[in-house]
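Each remark here refers to the structure printed beneath this line.
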Amino acid sequence: MSLPYLLRKLEISEDGEFNFLSCLVTKAVDEYHEASRSQDLELAIACARRLVDFTAKDGPEWAEQAANLGTVLIYRYERNGTINDLEEATTVARQAVAATPDDHGDYPSWVSNLGIIYNHRFEFTGSIWDLEHAIGLFRQAIVASSREQHDFAVWANNLAYLLCVLYEKTSSSQDIDEAIHFAQEAVLATSERDPGYPARIYNLGLAFDLRFQQTGSTQDLLQAILSLRQAVSAVGPTDTCWLGKLDNLMDQLDSSFPIQFS
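According to the UniProt record's numbering, the sequence shown is numbered sequentially starting from 1.
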(Lines of atoms letter the chains of each structure in order from A; the text may use other names.)
(Lines give C-alpha, C1' and ligand atoms only; values in the text may rest on other atoms or scores of the structure.)
Protein backbone atom coordinates (compact mmCIF):
# COMPACT_ATOMS: atom_id res chain seq x y z
CA MET A 1 0.00 0.00 0.00
CA SER A 2 1.54 3.33 -1.06
CA LEU A 3 1.81 6.25 1.34
CA PRO A 4 -0.32 8.62 -0.82
CA TYR A 5 -3.05 5.94 -0.96
CA LEU A 6 -2.91 5.51 2.81
CA LEU A 7 -3.28 9.26 3.32
CA ARG A 8 -6.34 9.34 1.06
CA LYS A 9 -7.80 6.27 2.76
CA LEU A 10 -7.45 7.92 6.15
CA GLU A 11 -9.05 11.07 4.70
CA ILE A 12 -6.21 13.28 5.85
CA SER A 13 -6.47 16.74 4.33
CA GLU A 14 -3.55 18.48 2.69
CA ASP A 15 -3.48 20.95 5.58
CA GLY A 16 -3.20 18.15 8.11
CA GLU A 17 -0.80 16.01 6.11
CA PHE A 18 2.38 17.80 7.20
CA ASN A 19 1.75 17.43 10.93
CA PHE A 20 0.54 13.85 10.49
CA LEU A 21 3.65 12.87 8.55
CA SER A 22 5.97 14.63 11.00
CA CYS A 23 4.43 12.72 13.91
CA LEU A 24 4.59 9.49 11.91
CA VAL A 25 8.32 9.92 11.20
CA THR A 26 9.05 10.53 14.88
CA LYS A 27 6.93 7.57 15.98
CA ALA A 28 8.40 5.23 13.36
CA VAL A 29 11.98 6.17 14.29
CA ASP A 30 11.22 5.65 17.99
CA GLU A 31 9.71 2.25 17.21
CA TYR A 32 12.73 1.34 15.08
CA HIS A 33 15.15 2.19 17.87
CA GLU A 34 13.01 0.22 20.32
CA ALA A 35 12.41 -2.95 18.29
CA SER A 36 14.83 -2.70 15.32
CA ARG A 37 12.08 -3.60 12.84
CA SER A 38 12.93 -2.78 9.24
CA GLN A 39 9.30 -1.92 8.43
CA ASP A 40 9.39 0.95 10.93
CA LEU A 41 12.49 2.32 9.25
CA GLU A 42 10.95 1.96 5.78
CA LEU A 43 7.87 3.87 6.97
CA ALA A 44 10.05 6.64 8.42
CA ILE A 45 11.94 6.97 5.13
CA ALA A 46 8.75 7.03 3.05
CA CYS A 47 7.22 9.72 5.26
CA ALA A 48 10.45 11.75 5.32
CA ARG A 49 10.59 11.69 1.50
CA ARG A 50 6.98 12.87 1.36
CA LEU A 51 7.77 15.74 3.73
CA VAL A 52 10.71 16.84 1.56
CA ASP A 53 8.43 16.89 -1.48
CA PHE A 54 5.65 18.58 0.49
CA THR A 55 7.75 21.52 1.71
CA ALA A 56 8.72 24.55 -0.39
CA LYS A 57 12.37 24.07 -1.37
CA ASP A 58 15.46 25.96 -0.23
CA GLY A 59 14.18 27.50 3.02
CA PRO A 60 14.99 26.45 6.60
CA GLU A 61 11.74 24.44 6.79
CA TRP A 62 12.73 22.41 3.73
CA ALA A 63 16.27 22.07 5.10
CA GLU A 64 14.88 20.52 8.28
CA GLN A 65 12.99 17.88 6.30
CA ALA A 66 16.03 17.18 4.09
CA ALA A 67 18.23 16.80 7.18
CA ASN A 68 15.72 14.39 8.71
CA LEU A 69 15.63 12.35 5.50
CA GLY A 70 19.42 12.16 5.54
CA THR A 71 19.34 10.88 9.12
CA VAL A 72 16.87 8.05 8.48
CA LEU A 73 18.72 7.06 5.31
CA ILE A 74 21.89 6.73 7.40
CA TYR A 75 20.00 4.49 9.83
CA ARG A 76 19.19 2.20 6.91
CA TYR A 77 22.77 2.37 5.65
CA GLU A 78 24.01 1.35 9.09
CA ARG A 79 21.58 -1.55 9.01
CA ASN A 80 22.05 -2.79 5.44
CA GLY A 81 25.30 -1.23 4.20
CA THR A 82 23.65 -0.13 0.94
CA ILE A 83 25.89 2.43 -0.75
CA ASN A 84 22.93 4.10 -2.50
CA ASP A 85 21.56 5.10 0.91
CA LEU A 86 24.93 6.61 1.85
CA GLU A 87 25.11 8.54 -1.42
CA GLU A 88 21.54 9.85 -1.12
CA ALA A 89 22.06 10.77 2.53
CA THR A 90 25.17 12.74 1.53
CA THR A 91 23.25 14.62 -1.17
CA VAL A 92 20.23 15.61 0.92
CA ALA A 93 22.31 16.48 4.00
CA ARG A 94 24.55 18.74 1.90
CA GLN A 95 21.45 20.41 0.44
CA ALA A 96 20.07 20.92 3.96
CA VAL A 97 23.26 22.68 5.08
CA ALA A 98 23.40 24.79 1.91
CA ALA A 99 19.79 25.93 2.43
CA THR A 100 20.37 27.02 6.05
CA PRO A 101 21.79 30.40 7.16
CA ASP A 102 24.88 30.18 9.38
CA ASP A 103 23.03 31.94 12.22
CA HIS A 104 20.04 29.57 12.18
CA GLY A 105 19.60 27.72 15.46
CA ASP A 106 19.71 24.28 13.81
CA TYR A 107 22.70 24.99 11.57
CA PRO A 108 25.29 23.36 13.91
CA SER A 109 23.16 20.21 14.21
CA TRP A 110 22.75 19.79 10.47
CA VAL A 111 26.44 20.46 9.83
CA SER A 112 27.40 17.85 12.43
CA ASN A 113 24.95 15.36 10.88
CA LEU A 114 26.74 15.88 7.57
CA GLY A 115 30.02 15.28 9.41
CA ILE A 116 28.69 11.93 10.64
CA ILE A 117 27.78 11.01 7.08
CA TYR A 118 31.27 11.87 5.81
CA ASN A 119 32.75 9.75 8.57
CA HIS A 120 30.64 6.85 7.29
CA ARG A 121 32.00 7.58 3.82
CA PHE A 122 35.55 7.49 5.18
CA GLU A 123 34.89 4.15 6.86
CA PHE A 124 33.55 2.81 3.54
CA THR A 125 36.12 4.31 1.16
CA GLY A 126 39.19 4.78 3.36
CA SER A 127 39.59 8.17 1.67
CA ILE A 128 41.55 10.65 3.77
CA TRP A 129 39.60 13.41 1.98
CA ASP A 130 36.33 12.12 3.47
CA LEU A 131 37.93 12.01 6.94
CA GLU A 132 39.28 15.55 6.64
CA HIS A 133 35.91 16.75 5.35
CA ALA A 134 34.17 15.19 8.36
CA ILE A 135 36.65 16.92 10.66
CA GLY A 136 36.05 20.26 8.93
CA LEU A 137 32.29 19.90 9.35
CA PHE A 138 32.57 19.21 13.08
CA ARG A 139 34.81 22.27 13.37
CA GLN A 140 32.04 24.30 11.70
CA ALA A 141 29.46 22.94 14.12
CA ILE A 142 31.60 23.90 17.11
CA VAL A 143 32.36 27.40 15.77
CA ALA A 144 28.64 27.97 15.19
CA SER A 145 27.71 26.89 18.73
CA SER A 146 28.75 27.56 22.32
CA ARG A 147 29.85 25.33 25.20
CA GLU A 148 26.46 25.89 26.83
CA GLN A 149 24.65 24.33 23.86
CA HIS A 150 23.31 20.85 24.63
CA ASP A 151 25.15 19.01 21.84
CA PHE A 152 28.44 20.92 22.07
CA ALA A 153 30.09 18.13 24.07
CA VAL A 154 28.96 15.53 21.53
CA TRP A 155 30.44 17.49 18.63
CA ALA A 156 33.70 18.22 20.47
CA ASN A 157 34.03 14.54 21.41
CA ASN A 158 33.38 13.43 17.83
CA LEU A 159 35.93 15.93 16.54
CA ALA A 160 38.52 14.72 19.06
CA TYR A 161 37.95 11.11 18.04
CA LEU A 162 38.30 11.87 14.33
CA LEU A 163 41.47 13.88 14.96
CA CYS A 164 42.87 10.80 16.74
CA VAL A 165 42.01 8.72 13.67
CA LEU A 166 43.70 11.31 11.45
CA TYR A 167 46.75 11.37 13.74
CA GLU A 168 47.15 7.61 13.38
CA LYS A 169 47.46 8.20 9.64
CA THR A 170 49.59 11.36 9.65
CA SER A 171 51.60 11.18 12.93
CA SER A 172 51.19 14.97 13.00
CA SER A 173 51.73 16.43 16.47
CA GLN A 174 49.25 19.19 15.59
CA ASP A 175 46.50 16.61 15.04
CA ILE A 176 47.02 14.87 18.39
CA ASP A 177 47.42 18.18 20.26
CA GLU A 178 44.10 19.34 18.80
CA ALA A 179 42.49 15.99 19.63
CA ILE A 180 43.48 16.43 23.28
CA HIS A 181 42.21 20.02 23.29
CA PHE A 182 38.76 19.12 21.95
CA ALA A 183 38.53 16.00 24.13
CA GLN A 184 39.17 18.22 27.16
CA GLU A 185 36.51 20.66 25.92
CA ALA A 186 34.05 17.77 25.61
CA VAL A 187 34.76 16.57 29.16
CA LEU A 188 34.52 20.08 30.62
CA ALA A 189 31.12 20.53 28.95
CA THR A 190 29.78 17.23 30.34
CA SER A 191 28.32 16.55 33.77
CA GLU A 192 29.71 13.46 35.50
CA ARG A 193 26.09 12.26 35.71
CA ASP A 194 25.68 12.47 31.93
CA PRO A 195 25.49 9.02 30.24
CA GLY A 196 28.07 10.24 27.73
CA TYR A 197 30.65 11.14 30.37
CA PRO A 198 32.47 7.76 30.55
CA ALA A 199 33.02 7.62 26.78
CA ARG A 200 34.23 11.22 26.64
CA ILE A 201 36.70 10.89 29.51
CA TYR A 202 37.88 7.62 27.94
CA ASN A 203 38.46 9.34 24.58
CA LEU A 204 40.53 11.94 26.41
CA GLY A 205 42.61 9.12 27.87
CA LEU A 206 42.95 7.57 24.42
CA ALA A 207 44.28 10.85 23.03
CA PHE A 208 46.82 11.19 25.86
CA ASP A 209 47.91 7.58 25.31
CA LEU A 210 48.43 8.19 21.59
CA ARG A 211 50.57 11.24 22.36
CA PHE A 212 52.53 9.25 24.94
CA GLN A 213 53.34 6.69 22.27
CA GLN A 214 54.78 9.52 20.15
CA THR A 215 56.60 11.51 22.82
CA GLY A 216 57.27 9.02 25.62
CA SER A 217 56.11 11.71 28.04
CA THR A 218 55.35 10.23 31.46
CA GLN A 219 52.91 13.09 32.07
CA ASP A 220 50.86 12.03 29.04
CA LEU A 221 50.78 8.42 30.25
CA LEU A 222 49.73 9.47 33.75
CA GLN A 223 46.96 11.64 32.27
CA ALA A 224 45.81 8.68 30.16
CA ILE A 225 45.66 6.44 33.24
CA LEU A 226 43.87 9.09 35.30
CA SER A 227 41.27 9.60 32.57
CA LEU A 228 40.63 5.88 32.19
CA ARG A 229 40.36 5.43 35.96
CA GLN A 230 37.70 8.15 35.96
CA ALA A 231 35.91 6.39 33.11
CA VAL A 232 35.98 3.05 34.95
CA SER A 233 34.75 4.75 38.12
CA ALA A 234 31.87 6.30 36.18
CA VAL A 235 30.66 2.99 34.70
CA GLY A 236 31.43 0.77 37.71
CA PRO A 237 34.01 -1.94 38.43
CA THR A 238 32.01 -4.68 36.67
CA ASP A 239 32.88 -3.34 33.21
CA THR A 240 35.68 -5.79 32.46
CA CYS A 241 36.35 -4.33 29.00
CA TRP A 242 37.33 -0.94 30.39
CA LEU A 243 39.20 -2.49 33.30
CA GLY A 244 41.26 -4.41 30.73
CA LYS A 245 42.11 -1.15 28.97
CA LEU A 246 43.21 0.33 32.29
CA ASP A 247 45.40 -2.71 32.95
CA ASN A 248 47.07 -2.21 29.56
CA LEU A 249 47.90 1.40 30.40
CA MET A 250 49.22 0.38 33.81
CA ASP A 251 51.48 -2.12 32.04
CA GLN A 252 52.83 0.75 29.94
CA LEU A 253 53.51 2.72 33.13
CA ASP A 254 55.37 -0.27 34.60
CA SER A 255 57.51 -0.51 31.47
CA SER A 256 58.35 3.18 31.77
CA PHE A 257 59.36 2.79 35.43
CA PRO A 258 60.72 -0.74 35.87
CA ILE A 259 61.00 -1.87 39.49
CA GLN A 260 64.61 -2.03 40.64
CA PHE A 261 65.72 -4.20 43.57
CA SER A 262 68.73 -3.26 45.66
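A virtual CB, placed ideally from N, CA and C, is assigned to each residue, including glycine.
Alpha-carbon to alpha-carbon, Tyr77 and Tyr118: Linking Tyr118 to Tyr77 through their CA atoms gives a straight-line distance of about 13 Å.
Inter-residue Cα distance where the pair is Ile74 and Ala46: Each residue's Cα considered, the two are about 14 Å apart.
Under the three-state DSSP convention, the category Ala99 falls into: Ala99 sits in coil when the DSSP states are folded into three classes, being neither helix nor strand.
Three-way DSSP call (helix, strand, coil) for Lys169 in this model: Reduced to three states, the DSSP call for Lys169 is helix.
Rounded separation between Ser38 and Glu87 - CA only: Taking the straight line joining both Cα atoms gives about 20 Å.
Close beta carbons around Lys169, own chain, < 6 Å, minus the five adjacent residues each side: Nothing listed; no residue qualifies.
Alpha-carbon spacing of Glu64 relative to Lys27, whole angstroms: Rounded to the nearest angstrom, the two C-alpha atoms are 17 Å apart.
Span of the alpha helix (DSSP H) around Asp209: Unbroken alpha helix (DSSP H) run through Asp209: Tyr197 to Thr215.
Tyr107 versus Asn19, Leu41 and Trp155, residue with shortest Cα-Cα distance: Closest in alpha carbon position to Tyr107, among Asn19, Leu41 and Trp155, is Trp155.
Residue burial classification, His120 (beta-carbon count within 10 angstroms, cutoff 16): Using a 10 angstroms sphere on the CB of His120, the tally of other CB atoms reaches 16 or more, which defines it as buried.
Local conformation of Thr218 per DSSP, three classes: Correct three-state label for Thr218: helix.
Sequence-distant residues of its chain with Cβ nearer than 7 Å to Ala224 (five each side left out): Once the five neighbours on either side are set aside, the close Cβ partners of Ala224 are Gly205, Phe208, Asp209, Phe212 and Leu249.
Cβ-Cβ separation, Asn203 to Tyr167 (assumed contact under 8 Å), whole Å: Between Tyr167 and Asn203 the beta-carbon gap is near 13 Å, outside 8 Å, which marks them as no contact.
Best match in Val232, Gly105, Ile180 and Ser145 for proximity to Tyr197 [C-alpha to C-alpha]: Comparing Cα-Cα distances from Tyr197 to each of Val232, Gly105, Ile180 and Ser145, the minimum goes to Val232.
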